[in-house]
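In the numbering used here, the protein residues as written are 31 to 88.
Read through the structure below, which is laid out as structure tokens, and then see the notes.
This is the structure in structure tokens:
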């Protein structure tokens, strides 16, 4: 098992562009993983932000 050092930085210390880049990278990785696991092309998947109250009843 490989180990990686991870640096946690408070979001307030990041530039807005950095926050967006991280968010987009996570979404891209998640879509690729979902596409692979579900054996569906990425074009067939719908990606959206959930709203905790409307979607989950929180």
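Using N, Cα and C, we set each Cβ at its ideal position, and we do this for glycine too.
Report, in whole angstroms, the separation of the C-beta atoms of residue i and residue j, which I expect to be a contact under 8 Å.
i: residue 57; j: residue 77; result: 6 Å
If you follow the alpha helix (DSSP H) that residue i is part of, which residue opens it and which one closes it?
i: residue 54; result: 46-68
For residue i, decide whether its Cβ has a neighbour in chain C, counting only Cβ atoms nearer than 9 Å.
i: residue 63; result: The chain inventory of the structure shown lacks chain C, comprising one protein chain alone.
Following a CB-centred definition, is residue i positioned closer than 8 Å to any heavy atom of the ligand FMN?
i: residue 71; result: With respect to the ligand FMN, the structure shown offers nothing to examine, as it has no ligands at all.
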